[in-house]
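Q: Chains as they are written, first to last, in my numbering: chain G, 67 to 328; chain Y, 201 to 554.
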Amino acid sequence: MAEAGFAIEKLSFAYGEKTVLEDLSLKLAPGRFYGLVGPNGCGKSTLLDLLMGNHHPAAGTVRFNNRPLANYGRRELARHLALVPQDFAIHFAFTVLEVVLMGRHPYLPRFGAVSATDLAIAEQAMAAIGIEHFQNRLVTELSGGEKQRVVVARALAQQTPVLMLDEATSNLDINHTMEIFNVAQKRVQAQGDTVIAVIHNLNLAAAYCDIMIFMNQGRISATGPTHETLTPRNIGEVFGVESRVALDEFSNKLQVSFHYGN
Amino acid sequence: MSEHWGAPGNARSSIRYPTLTVVLLAAVVTAVIVATGMGYIRITVAEVVRVIAARLSGDTSLITGLDPMFSYVVMDVRLPRILTALLVGSGLAVCGVVFQGILLNPLADPYTLGISSGAAFGASLALIANLTLFGIYSVPFSAFAGALATLFVVLYLSSFNGQMSANTLILSGVIVGAILAAGISFMKYMADEQVGMIIYWLMGSFASKTWTDVAVVLGAVLSGLGVAIYYGRDLNIMSLGGRAADSLGVETARVRKILLITGSLVAAVCVSVSGIIGFIGLIVPHLIRFLIGPDNRNLAIVSALAGGLLLLIADTITRAILPTEVPIGVLTALIGGPFFCYIFRRRQRGAIHG
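Have a look at this one:
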C-alpha cells in the first residue's frame, strides 16, 4: 500500500565523531502541522537537513512518498520539499523579487527565462507574507526581520507539498510571526500540505501544531497529538524546567507557563 | 549580522545590461583599433583598418600605397599583443566573478587567493628545472598545476569543520602567496640565465606575444565564460548560502567544484601567458555589479568586456604613452592595491554597522 509522506527508519547521523541523531524512527503524514521542539543542539536542524536530502544518513533510511530520498534528483526534490533555513544571509544585492523568483529555480529549464506564471506565483507568495510593497528593494538593505520574510516567500514560491521551517520566525515580532504561521496552517488545512517546523517558543508550537515531536540528545522522547504530548512531564524531561500546561480561554489553545526566576 | 556589499543607495543604477554590453563591445573594438595605431611608429586609424581588412579579406589592393612595414607591425607585432592583453583582462575578470560568486567574498580573485603566485611558482620551477615533459606546453602546464595545488592548499587552510570563512580565506591566500613568493625568490637566486624569465613572470608583460598566445587564451576565456554562464543561475542561488541553495535544487558541491577548477584553469592560462597581473579580477566585477546588479550571467559577460578593455588600456599606456615601459603587473597593482584597501575598509564598516 502506498504511504504518502515521510517514513524514517532507524536513522543515525554523525558530524565526524559526534553522533547527532541515533536510531530515530518516525512517520510524518500529509495534512499535518508538525512541531519539532527540544533544547539547542538536540539535532532538530540536522533532522530537517536529512529530511531535505541535504545530508546523507550514516545508517537507516528516509523514504518520501514510498521512495528512498536518495532516489530523487536534487531538482525533483526541490519541487516536493522547501526549507526556510535559520541562516538567511543573502550575500549580493539582489532585489526582493529576484530572490523570491529563485524559488522557481527547480521548475525552470537551464536557459529558460522566468514565465508570466512564475512571476504571478512569486507575487502571490509575496502578497501572502505581506512584502509585495518592497519587492523592488535590495535585500542587502533590509532588516533581519524583513529578510526572513523574503526567505519565507521564496519557499512559498517553490509551491511544494512539504514546507520545513527551521526557526523561521526567530527574528520576527508577533504580528509577522502569526502571519507566517497562518499562511502555513492554511496550506495544511486547505491543500493537505505538510509543515514541519522547528519552534523554540512552546506556546507558539501549542497554538499551531497538530502533532508535536519532542527531541532530546538525538532521540525522540515523545511524539503525538499536541493535547496529549504537551505535558509538564514531557517539557520537564526535555528542557529540565518546571511548567504548567492549561487551556487558555482567550486563545482556546493549550498554553504553557513556567516558574520564572529562582 | 550578515555581511553584505553591492550597490549602495536605495535602488540599482539605471544602466541596463544590454546598453552596457553594446557600449562596451563598441569601446573594445574602438580601443583595439586605436591602440594598434599607437606606438613608436604612428599608424592612422584608417591605415590600421585597411591593413586588418586586407588580411581578413585577402584583398591586397586595400594596402597598395602603404608602407609594407605597417602590415608587419600591425599584424605580427601589435595585434597579437593587444588581443592577448584584451583576452587576459577578460579571463581575469571572469575568474573574479566566479571566485567572488562561489566563495561569497568580494575580495576573492586569483591574485588575492594566491593562485597567481602558485602559477608563477609552477612556471618558475619548470623554467629552472628545464622541464620539457610536455614540450612547449611544459611551462603553462606547470603553471596550471601550481595554480590548482595552491588553490587546494588555501581552501584546506581556511576550512574548519566543513565551513569556509571568508576572512580566513584571504588570510590563507596571502600566507600561501608569501611562502610561494619566497620560493620564487630562492629560485631567482639559484637561476642564472633564466632569472630574467622568472622576473618576467612576477611582474607580468605582454611584450612579444604571438598569435599562438592569442589562440590559447581565447580558448580558455571562451570556455571559462561559457561555464560561468552555464552555471550562472546556480551561482546566483548559491549566494543565499549552501543550505538554501541545496534546498532549491542546486547541486552546490558539484557546481562549486566545477567552478573552482574552471576559475583556476582560466587563471592559470592567463598567468602562464602574461605573468602575474593582479587586481583586474578584483576591481572589474565590483564595478560592474555596482552598475548592473549581481546576476552572475550578465555579470560574467559584461565583466569580460570591461576587464579586457581595462587591461588593454593599461597595457597601451605602458607600451605607447609612458616614456619607459612599466611592467603591466606593477601598473595594475599600483592602481588595484588602493582599491582593494577601499573595499576592505567598506566591508569592515559594513560588518560593524550591518
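Backbone N, C-alpha and C fix where the C-beta goes; we use that ideal spot for every residue, glycine too.
May I ask you to list the residues that DSSP assigns as paired with G/Lys84?
A: Beta-bridge pairing links G/Lys84 to G/Tyr81.
Q: Which chain Y residues sit within Cβ distance under 8 Å of G/Leu147?
A: The answer, in chain order, is Ser447.
Q: List the residues of chain Y whose Cβ lies closer than 8 Å to the Cβ of G/Asn120, in chain order.
A: Correct list: Arg443, Asp446, Ser447.
Q: Using beta-carbon positions only, say whether G/Gly211 and G/Leu238 come within less than 8 Å of one another.
A: Yes, the Cβ-Cβ distance between G/Gly211 and G/Leu238 is below 8 Å.
Q: Output, in chain order, the set of chain Y residues within a Cβ distance shorter than 8 Å of G/Met192.
A: In chain order: nothing, as chain Y lies at least about 16 Å away.
Q: Please return the same chain residues whose Cβ sits closer than 7 Å to the Cβ of G/Met192, not counting the five positions on each side in sequence.
A: Contacts found: Val166, Glu198, Gln201, Ala219.
Q: From this set, Y/Glu393, Y/Arg545, Y/Met238, Y/Val223, which residue's C-alpha is nearest Y/Ile328's C-alpha?
A: For Y/Ile328, the nearest C-alpha among the options comes from Y/Glu393.
Q: Which of helix, strand or coil does DSSP assign to Y/Ile476?
A: DSSP places Y/Ile476 in coil when its eight states are reduced to three.
Q: Please confirm whether G/Val128 and G/Gly284 have their CB atoms less than 8 Å apart.
A: In this structure, G/Gly284 does not lie closer than 8 Å to G/Val128 by Cβ.
Q: Considering Cα atoms alone, identify which of G/Ala124, G/Ala221, G/Pro172, G/Asn131 is closest to G/Arg145.
A: When each option's Cα is compared against that of G/Arg145, the closest is G/Pro172.
Q: Using DSSP bridges, identify the partner residues of G/Lys319.
A: The partner list for G/Lys319 (beta bridge, DSSP) reads G/Asp314.
Q: Y/Glu451 touches chain G at which residues, Cβ-Cβ below 8 Å?
A: Within chain G, the residues near Y/Glu451 are Arg140.
Q: Using a cut-off of 8 Å between C-beta atoms, extract the partners of Y/Ser439 located in chain G.
A: Those are Ile156, His157, Phe158, Phe160, listed as they occur along chain G.
Q: What residues in the region 480–499 of chain Y bring their beta carbon closer than 8 Å to a beta carbon of chain G?
A: For the region 480–499 of chain Y, which is checked against every Cβ of chain G, the residues closer than 8 Å are Arg489, Gly493, Pro494, Asp495.
Q: Pick out whichever of G/Arg310, G/Ala273, G/Arg299 has its Cα sitting closest to the Cα of G/Phe316.
A: Of G/Arg310, G/Ala273, G/Arg299, the residue nearest in Cα terms is G/Ala273.
Q: For Y/Val288, collect the residues of the same chain with a Cβ closer than 7 Å to its Cβ; drop the 5 residues on either side in sequence, then sort them by chain order.
A: Counting only Cβ-Cβ distances below 7 Å, and skipping sequence neighbours, we find Val417, Cys470, Val473, Ser474, Ile477, Leu511.
Q: What are the partner residues of Y/Ile535, as DSSP defines its beta bridges?
A: According to DSSP, Y/Ile535 bridges with nothing at all.
Q: Per DSSP, G/Met281 forms a beta bridge with which residues?
A: For G/Met281, which the question treats as bridged, DSSP gives the partners G/Ile286.
Q: Beta carbon of G/Phe159, beta carbon of Y/Gly529: below 8 Å?
A: Checking the sequence shown, residue 159 of chain G turns out to be Ala, not Phe. In this structure, Y/Gly529 does not lie closer than 8 Å to G/Ala159 by Cβ.
Q: To the nearest angstrom, how far is the alpha carbon of G/Asp184 from that of G/Gly302?
A: If you take the alpha carbons of G/Asp184 and G/Gly302, they lie about 47 Å apart.
Q: If you reduce the DSSP assignment to three classes, tell me which class G/Ala73 lands in.
A: If DSSP states are grouped into helix, strand and coil, G/Ala73 belongs with the strands.
Q: Going by DSSP in three states, G/Tyr100 sits in which element: helix, strand or coil?
A: Strand.
Q: DSSP on Y/Cys544, reduced to helix/strand/coil?
A: The amino acid at residue 544 of chain Y is misidentified as Cys; the sequence shows Phe. In the structure shown, Y/Phe544 sits in a helix (DSSP, three-state: H, G or I).
Q: Which value, in whole angstroms, describes the spacing of the CA atoms of Y/Ala285 and Y/Ala231?
A: Their backbone Cα atoms lie some 12 Å apart in a straight line.
Q: Applying a beta-carbon distance threshold of less than 9 Å, which residues of chain G neighbour Y/Leu304?
A: Correct list: Ala155, His157, Phe158.
Q: Do the region 481–501 of chain Y and the region 263–271 of chain Y make contact, defined as three or more Cβ pairs closer than 8 Å?
A: Too few Cβ pairs lie closer than 8 Å, so no.
Q: Using 10 angstroms around the beta-carbon of Y/Thr524, count the other beta-carbons present and answer buried if the total reaches 16, otherwise exposed.
A: The residue is exposed, with fewer than 16 neighbouring Cβ atoms inside 10 Å.
Q: Considering Cα atoms alone, identify which of Y/Gln300, Y/Ala347, Y/Met438 is closest to Y/Ile370.
A: For the residues Y/Gln300, Y/Ala347, Y/Met438, the minimum Cα distance to Y/Ile370 belongs to Y/Gln300.
Q: Ignore the nearest five residues each way along the sequence and tell me which others in Y/Val427's own chain have a CB closer than 6 Å to its CB.
A: Closer than 6 Å at the Cβ level, and outside the excluded window around Y/Val427, lie Thr462.
Q: State yes or no: is the beta carbon of Y/Arg433 nearer than 8 Å to at least one beta carbon in chain G?
A: Output row for Y/Arg433: interface = yes.
Q: Please name the residue in G/Val103, G/Asn318, G/Pro227 whose C-alpha comes closest to that of G/Leu149.
A: Residue G/Pro227 is the option with its Cα nearest to G/Leu149.
Q: Could you tell me whether any Cβ in chain Y is nearer than 8 Å to the Cβ of G/Pro105?
A: G/Pro105 does not count as touching chain Y.
Q: Just the chain Y side, please: which residues come within less than 9 Å of G/Gly169 by C-beta, in chain order?
A: By Cβ distance, chain Y contributes Leu448.
Q: Assuming Y/Thr312 and Y/Gly373 form a contact by the criterion Cβ under 8 Å, report the distance between their Cβ atoms to the nearest whole angstrom.
A: Y/Thr312 to Y/Gly373, Cβ: 5 Å. Contact.
Q: Given a threshold of 16 other Cβ atoms within 10 Å of its Cβ, counted over all protein chains shown, does Y/Pro280 qualify as buried or as exposed?
A: With 16 or more other Cβ atoms within 10 Å, it is buried.
Q: Just checking my contact of Y/Val297 with Y/Ser439 at CB under 8 Å: how many whole Å lie between their CB atoms?
A: Their Cβ separation, rounded to whole angstroms, is 12 Å, which puts Y/Val297 and Y/Ser439 out of contact at 8 Å.
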